[in-house]
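Inspection log for the structure reproduced underneath, given as structure tokens.
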Amino acid sequence: MSMALNAIRRKKNVKKGIQFCLMVCGASGTGRTTFVNTLCGKKVLEGKDADDAANAHIEEGVRIKPVTVEESRIKRNPRFRDNRVHALLYFITPTGHGLRELDIELMKRLSPRVNVIPVIGKADSLTPAELAESKKLIMEDIEHYRIPVYNFPYDIEEDDEDTVEENAELRGLMPFAIVGSEDFVEINGRKVRARQYPWGIVEVENPRHSDFLAIRSALLHSHLADLKEITHDFLYENYRTEKLSKGVDGAAGYDSSMNPEDLASQSVRLKEEQLRREEEKLKEIELKVQREIAEKRQELLARESQLREIEARMASERAANGDA
Numbered sequence: 001m002s003m004a005l006n007a008i009r010r011k012k013n014v015k016k017g018i019q020f021c022l023m024v025c026g027a028s029g030t031g032r033t034t035f036v037n038t039l040c041g042k043k044v045l046e047g048k049d050a051d052d053a054a055n056a057h058i059e060e061g062v063r064i065k066p067v068t069v070e071e072s073r074i075k076r077n078p079r080f081r082d083n084r085v086h087a088l089l090y091f092i093t094p095t096g097h098g099l100r101e102l103d104i105e106l107m108k109r110l111s112p113r114v115n116v117i118p119v120i121g122k123a124d125s126l127t128p129a130e131l132a133e134s135k136k137l138i139m140e141d142i143e144h145y146r147i148p149v150y151n152f153p154y155d156i157e158e159d160d161e162d163t164v165e166e167n168a169e170l171r172g173l174m175p176f177a178i179v180g181s182e183d184f185v186e187i188n189g190r191k192v193r194a195r196q197y198p199w200g201i202v203e204v205e206n207p208r209h210s211d212f213l214a215i216r217s218a219l220l221h222s223h224l225a226d227l228k229e230i231t232h233d234f235l236y237e238n239y240r241t242e243k244l245s246k247g248v249d250g251a252a253g254y255d256s257s258m259n260p261e262d263l264a265s266q267s268v269r270l271k272e273e274q275l276r277r278e279e280e281k282l283k284e285i286e287l288k289v290q291r292e293i294a295e296k297r298q299e300l301l302a303r304e305s306q307l308r309e310i311e312a313r314m315a316s317e318r319a320a321n322g323d324a
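Start counting the sequence shown at 1; every next residue gets the next number (full-length UniProt numbering).
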């Protein structure tokens, strides 16, 4: 069933075209560049960040356009294009232990702004036992320090069985063990992306060796829409509210190149928009309360009618018994 749902999602995404921004973050040497090249199915990044990259196909009908940009501008481009990051893969060094202090601090600062998904880079450098222990310790640290990572949320009461099962399975894989490779190895007559060692071969797309397939499917198919919705409806709204509240006194967060009149005008417009949104929410709450009151009133009237019928029936029975 989940495969059919993914196929439907994929067709819709290909037809409409969806802009999805993914950021990879982590210490040097954790396999970020190799992961991007593996995800895109071709070499789009060198050892150093490239300034341009061509479109890359990862499967039939699905196209990725990787773009690497170093942004240092303050003024906004009038032809602004929404490049909000929808998901951030945080690459954790495969030490076999939990999170470092730097990882904890960075993830705590990033999580309120973006959907952070923790992954262990170069997971093939750990034994299965070390990897399992490392995953356990990392998730314990995330819970202990209350780092709000994206944990593939689901509601048992509202979501369908397939969604609950899929999200629970993905949550159980966190942090995802990532193995990337730009090389192909022939196994049983077929070429697969893999890393070859003296002791054996690690297949990138083999679930027993790596969680690459799971994270790729989640990012590009099953959870793409959810990541975008959370970014827009929750993370960005929180950020926007924070900026608006700071802008009341010193207009913090606004473009410093604007003149005072334009700055004041923009501040007023933003406040008016915020008030309008709050009024709409209040109206929705009021309508909801009115509907609930009307439903309760109908229930009470129905109960009263039932009681009157029971009283009439009892009175009739008493009268019949008295006549007898």
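Glycine included, each C-beta is placed from N, C-alpha and C at the ideal position.
Keep in mind the model is a prediction, meaning the values are calculated, not measured.
Exercise. With DSSP run on the structure shown, which of helix, strand or coil describes leucine 22?
Worked result: On the sequence shown, residue 22 is found 22 positions in, with the first residue counted as 1. Reduced to three states, the DSSP call for leucine 22 is strand.
For this session: Please report how far the alpha carbon of glycine 31 lies from the alpha carbon of threonine 95, in whole angstroms.
Result: Counting from 1 along the sequence shown, the entry for residue 31 is found at position 31. Counting from 1 along the sequence shown, the entry for residue 95 is found at position 95. Between glycine 31 and threonine 95, the C-alpha separation is close to 14 Å.
Exercise. Where does leucine 39 sit, in a helix, a strand or coil, going by DSSP?
Worked result: Position 39 of the sequence shown, counted from the start, is the residue given in the question as residue 39. Reduced to three states, the DSSP call for leucine 39 is helix.
Exercise. Should isoleucine 74 go down as buried or exposed, given a rule of 16 or more other Cβ atoms within 10 Å for buried?
Worked result: Within the sequence shown, residue 74 is the residue found at index 74, counting from 1. Note that isoleucine 74 scores a pLDDT of 44, beneath 50, so its modelled location is shaky; the value from the coordinates is reported in the next line. The residue is exposed, with fewer than 16 neighbouring Cβ atoms inside 10 Å.
For this session: On a CA-only basis, which of Arg84, Ser181 and Gly41 is nearest aspartate 233? Give me that one, please.
Result: Taking the sequence shown and counting its residues from 1, one reaches residue 233 at position 233. Closest by alpha carbon: Arg84.
Exercise. Rounded to a whole number of angstroms, what is the C-alpha to C-alpha distance between alanine 177 and lysine 122?
Worked result: As a first step, residue 177 must be located in the sequence shown, where it is residue number 177. As a first step, residue 122 must be located in the sequence shown, where it is residue number 122. The alpha-carbon atoms of alanine 177 and lysine 122 are separated by roughly 8 Å.
Exercise. Taking only runs of the alpha helix (DSSP H) that begin and end inside the segment 90 to 148, which ones reach a length of at least 4 residues, in chain order?
Worked result: 101 to 110 and 128 to 144
Problem set entry | Heavy atom of the ligand MG within 8 Å of methionine 174 beta-carbon | Absence of the ligand MG is noted for the structure shown, with no ligands found whatsoever.
Exercise. Can you name, in chain order, every residue of its own chain whose Cβ lies under 6 Å from the Cβ of residue 325, other than the five neighbours on each side?
Worked result: With the chain covering only 1 through 324, there is no way to say anything about residue 325.
For this session: Counting only the same chain and skipping the five closest in sequence on each side, list residues whose C-beta sits under 7 Å from that of valine 164.
Result: On the sequence shown, residue 164 is found 164 positions in, with the first residue counted as 1. Counting only Cβ-Cβ distances below 7 Å, and skipping sequence neighbours, we find Tyr154 and Ile156.
Exercise. Under the DSSP definition of a beta bridge, which residues are partnered with arginine 190?
Worked result: Position 190 of the sequence shown holds residue 190. According to DSSP, arginine 190 bridges with Ile187.
For this session: Have a look at Ala129, His144, His97 and Ile92 and flag the residue whose alpha-carbon is nearest the alpha-carbon of isoleucine 120.
Result: Taking the sequence shown and counting its residues from 1, the one referred to as residue 120 is at position 120. Of Ala129, His144, His97 and Ile92, the residue nearest in Cα terms is Ile92.
Problem set entry | Cβ neighbours of histidine 86 in the same chain (closer than 6 Å, five flanking residues each side left out) | The residue given as residue 86 occupies position 86 in the sequence shown. Excluding residues within five positions, the ones whose Cβ falls inside 6 Å are Phe20, Cys21, Leu227, Lys228 and Thr231.
Exercise. Given tyrosine 150, which residues of its chain have a CB within under 8 Å of its CB, disregarding the five upstream and five downstream residues?
Worked result: On the sequence shown, residue 150 is found 150 positions in, with the first residue counted as 1. Taken in chain order, the residues that qualify are Ala87, Asn115, Val116, Ile117, Leu227 and Ile230.
Problem set entry | CA-to-CA distance, leucine 137 to serine 111, given in whole angstroms | Against the sequence shown, residue 111 aligns to sequence position 111. Against the sequence shown, residue 137 aligns to sequence position 137. Each residue's Cα considered, the two are about 19 Å apart.
Exercise. Which class does valine 69 belong to by DSSP, given the choice of helix, strand or coil?
Worked result: The residue you call residue 69 lines up with position 69 of the sequence shown. Because the pLDDT of valine 69 is 44, which lies under 50, any placement of that residue in the model is unreliable, and the number read from its coordinates should be weighed accordingly. It is coil, neither helix nor strand.
Problem set entry | Three-state class that DSSP yields for arginine 216 in the structure shown | Walking along the sequence shown from the start, residue 216 turns up at place 216. Arginine 216 falls in the helix class under three-state DSSP.
Exercise. What's the call for aspartate 211, buried or exposed, on a 16-neighbour Cβ count within 10 Å?
Worked result: Mapped onto the sequence shown, residue 211 falls at position 211. Per the 10 Å Cβ criterion, buried.
For this session: Give every residue of the same chain whose Cβ lies closer than 6 Å to the Cβ of proline 148, excluding the five residues on either side of it in the sequence, and list them in chain order.
Result: Locating residue 148 in the sequence shown gives position 148, counting from the first residue. Excluding positions up to five away in sequence, the list reads Ser111.
Exercise. What do you reckon, are the CB atoms on histidine 209 and valine 185 nearer than 9 Å?
Worked result: Position 209 of the sequence shown, counted from the first residue, corresponds to residue 209. Position 185 of the sequence shown, counted from the first residue, corresponds to residue 185. Contact flag unset, no.
Problem set entry | Cβ separation of glutamate 166 and glycine 98, assumed to be a contact under 8 Å, to the nearest whole Å | Stepping through the sequence shown from its first residue, residue 166 is reached at position 166. Stepping through the sequence shown from its first residue, residue 98 is reached at position 98. 27 Å between Cβ atoms; not a contact.
Exercise. Between threonine 38 and valine 202, is the Cβ-Cβ spacing less than 9 Å?
Worked result: Within the sequence shown, residue 38 is the residue found at index 38, counting from 1. Within the sequence shown, residue 202 is the residue found at index 202, counting from 1. No; because the gap between Cβ atoms is not below 9 Å, this pair is not in contact.
For this session: Go ahead and label isoleucine 18 buried or exposed: buried means 16 or more other beta carbons lie within 10 angstroms of its beta carbon, across all protein chains shown.
Result: Taking the sequence shown and counting its residues from 1, one reaches residue 18 at position 18. Result: exposed.
For this session: Take the Cβ of alanine 194 as the centre, count every other Cβ of all protein chains shown within 10 Å, and call the residue buried at 16 or more, exposed below.
Result: Along the sequence shown, read from residue 1 onward, the residue named residue 194 stands at position 194. Classification for alanine 194: buried.
Problem set entry | Rounded separation between valine 24 and glutamate 292 - CA only | Against the sequence shown, residue 24 aligns to sequence position 24. Against the sequence shown, residue 292 aligns to sequence position 292. Roughly 47 Å between the two C-alpha positions.
Exercise. Where lysine 296 and asparagine 238 are concerned, what is the direct C-alpha to C-alpha distance, given to the nearest angstrom?
Worked result: As a first step, residue 296 must be located in the sequence shown, where it is residue number 296. As a first step, residue 238 must be located in the sequence shown, where it is residue number 238. Straight-line Cα distance between these residues: approximately 35 Å.
Exercise. What are the boundary residues of the beta strand (DSSP E) that valine 164 is part of?
Worked result: Translated into positions along the sequence shown, residue 164 becomes position 164. No beta strand (DSSP E) contains valine 164, which is instead part of the alpha helix (DSSP H) from 161 to 173.
For this session: Could you have a look at tyrosine 254 and say whether DSSP puts it in helix, strand or coil?
Result: If you number the sequence shown from 1, residue 254 lands on position 254. Confidence is the limiting factor: at tyrosine 254 the pLDDT is only 47, short of 50, which leaves the residue's position unreliable and the question unanswerable from this model.
Problem set entry | Span separating the alpha-carbon of arginine 276 from that of arginine 216 | Position 276 of the sequence shown, counted from the first residue, corresponds to residue 276. Position 216 of the sequence shown, counted from the first residue, corresponds to residue 216. C-alpha separation (whole angstroms): 39 Å.
For this session: Report, in whole angstroms, the separation of the C-beta atoms of arginine 146 and leucine 235, which I expect to be a contact under 8 Å.
Result: As a first step, residue 146 must be located in the sequence shown, where it is residue number 146. As a first step, residue 235 must be located in the sequence shown, where it is residue number 235. Going by Cβ atoms, the distance from arginine 146 to leucine 235 rounds to 17 Å, so no, they are not a contact pair.
For this session: Could you confirm whether any beta carbon from chain D is found closer than 9 Å to the beta carbon of threonine 231?
Result: The chain inventory of the structure shown lacks chain D, comprising one protein chain alone.
Problem set entry | Reduced DSSP secondary structure (H/G/I, E/B, other) of glycine 29 | Numbered from 1 along the sequence shown, position 29 holds the residue referred to as residue 29. In this structure, glycine 29 counts as coil in the three-state DSSP scheme.
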